[in-house]
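Enquirer: If you count by this note's numbering, then the sequence shown holds residues 82 to 227, one letter each, in order. Ideal Cβ placement from N, Cα and C applies to all residues, glycine included. Quick one: this structure, given as structure tokens, is what I'll be asking you about.
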Amino acid sequence: MKSKFLGGLILTLILCLTLLIAPNSFSAGDIYVAPNGTASNPGTISQPTTLESAITRAVAGTTIWMRGGTYNYSSTITIERGNNGSPNARKNIFAYGNEKPVLNFSGQAFGSSNRGLQIFGHYWHVRGLEVAYAGDNGIFIGGNYN
């Protein structure tokens with residue numbers, strides 16, 4: 082009886098770990114951005130694009146992988162209304178591996194409407210980014226399920 086319980090427990094743990102690791106694996110639908118990326122690049126790891134370009138290209142289930150380094154901005158980056166993921170296929174903006182992307186808005190004037198990143202779309206997940214020196218809010222969330 083105990084061995085069946087332990088076997089079931091181990092199987093459950095393996096399944097949970099698999100589900101946690103799977104969303105972090107890299108797939109062909111991923112988009113890569115880097116501080117030196119250009120909007121016309123395809124968004125591959127060897128030819129990264131810009132964050133703004135990646136946001137407009139992302140479809141439900143896409144992960145935007147941000148390479149480490151400092152991204153300098155003087156205006157807000159906006160995820161517009163209607164740019165949505167779905168309950169089963171979020172749109173993600175994640176730091177790549179253990180790298181540390183920093184969105185630096187020090188070029189932005191101080192003001193109540195000057196945000197770093199503003200999210201009006203639904204079902205977006207942001208992880209591992211540092212947003213620094215925005216004129217007001219670092220990240221403003223206006224959409225749902227984020």
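My assumption, with CB atoms under 8 Å, is that residue 202 sits in contact with residue 220. Please give the rounded CB distance.
Expert: Contact doesn't hold; Cβ gap of about 13 Å is too wide.
Enquirer: State the beta-bridge partners of residue 176 as determined by DSSP.
Expert: BP columns for residue 176 point to 147.
Enquirer: Cα separation between residue 116 and residue 217?
Expert: Each residue's alpha carbon lies about 23 Å from the other.
Enquirer: Report all residues from its chain with a CB closer than 7 Å to the CB of residue 126; omit the five preceding and five following residues, and keep chain order.
Expert: Contacts found: 113.
Enquirer: Give me the DSSP bridge partner(s) of residue 182.
Expert: According to DSSP, which records beta bridges pairwise, residue 182 is partnered with 150.
Enquirer: Which term fits residue 199, buried or exposed, when burial requires 16 or more other beta carbons within 10 angstroms of its beta carbon?
Expert: Flag for residue 199 reads buried.
Enquirer: Does DSSP put residue 159 in a helix, a strand or coil?
Expert: If DSSP states are grouped into helix, strand and coil, residue 159 belongs with the strands.
Enquirer: With respect to the alpha helix (DSSP H) encompassing residue 171, which residues constitute its N-terminal and C-terminal limits?
Expert: Here residue 171 belongs to no alpha helix (DSSP H), and DSSP marks it neither H nor E.
Enquirer: If the criterion is Cβ atoms closer than 8 Å, does the pair residue 214 and residue 194 meet it?
Expert: No, these two residues do not count as a Cβ contact at 8 Å.
Enquirer: Where does residue 109 land, buried or exposed, given buried means 16+ other C-beta within 10 angstroms?
Expert: Confidence at residue 109 is low in this model, with a pLDDT of 45, below 50, so its placement is unreliable and the value that follows should be read with caution. Counting Cβ neighbours within 10 Å, residue 109 comes out exposed, since fewer than 16 surround it.
Enquirer: Alpha carbons only, please: which of 149, 224 and 140 is nearest the one belonging to residue 184?
Expert: Checked all of 149, 224 and 140; the closest Cα to residue 184 is 149.
Enquirer: Just the C-alpha distance for residue 225 and residue 121, rounded to the nearest angstrom, thanks.
Expert: The straight-line gap from Cα to Cα measures roughly 30 Å.
Enquirer: First and last residue of the beta strand (DSSP E) that includes residue 213?
Expert: That run of the beta strand (DSSP E) goes 211-213.
Enquirer: Between residue 171 and residue 204, how many whole angstroms is the CB-CB distance? I'm expecting something under 8 Å.
Expert: Sure, about 5 Å apart at Cβ, within 8 Å.
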